[in-house]
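Numbering (the UniProt record's numbering), first residue to last: 1 to 123. Note that the Cβ used here is the ideal one computed from N, Cα and C, for glycine as well. Values in this document were obtained by computation on a predicted structure and should not be read as measured data. Structure, as structure tokens:
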Amino acid sequence: MANQNAKGWRRVVYAFGYSMKGFKACFELEEAFRQEVFVLIPLLPLALWLGETPVERAILTGSLLMVPIVELLNSAIEANVDRVGLERHELSGRAKDIASAAVFTSIALCMLMWALILVPKWL
């Protein structure tokens, strides 16, 4: 639970700690997040190497980082829905499906950005 009395740098330090707890929980509990991180590790340096301009590097790395960001949000939505109840409900299923669609869209966007930048260089 957030420390409501923390101000200034102390609040920033607490926020950083909560963020690290979130990364750790997602990495330990979510297979999809682990897979995306393992794909991200070799692709980040590759993006910096393949991008010829700062804008290309920003697009390649930014599109890669978008995927785990959306996965973190998806995992948060799923955890919240599961906390409410594990019984099947149409709205719970819809929320999870929409969050999953957001992850899929972020992956498709990443692939499109990489293709638009790299394919013309090889043709």
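- One thing to note: LEU64 has its Cβ no nearer than 8 Å to the Cβ of LEU86.
- Per DSSP, the unbroken alpha helix (DSSP H) holding LEU65 starts and ends at 54-84.
- In this structure VAL84 is exposed. Its beta-carbon is surrounded by fewer than 16 other beta-carbon atoms within 10 angstroms.
- Approximately 7 Å separates the beta-carbon atoms of VAL37 and PHE27; this is inside 8 Å, confirming the contact.
- Excluding the 5 residues flanking it on each side, ARG57 has same chain C-beta neighbours closer than 8 Å at ALA47, LEU48, GLY51, in chain order.
- Distance between ALA76 and ASP82, taken at the CA atoms: about 10 Å.
- CA-to-CA, the gap between GLY62 and GLN4 works out to about 32 Å.
- Between LEU60 and MET113 the beta-carbon gap is near 7 Å, inside 8 Å, which marks them as a contact.
- Here GLU36 carries a helix assignment [DSSP, helix/strand/coil].
- By the CB criterion at 8 Å, PRO68 and PHE104 fall outside the cutoff.
- DSSP places ARG94 within a helical segment (H, G or I) once states are collapsed to three.
- Contact between SER100 and ASN74 is confirmed by a C-beta separation of about 6 Å, below the 8 Å threshold.
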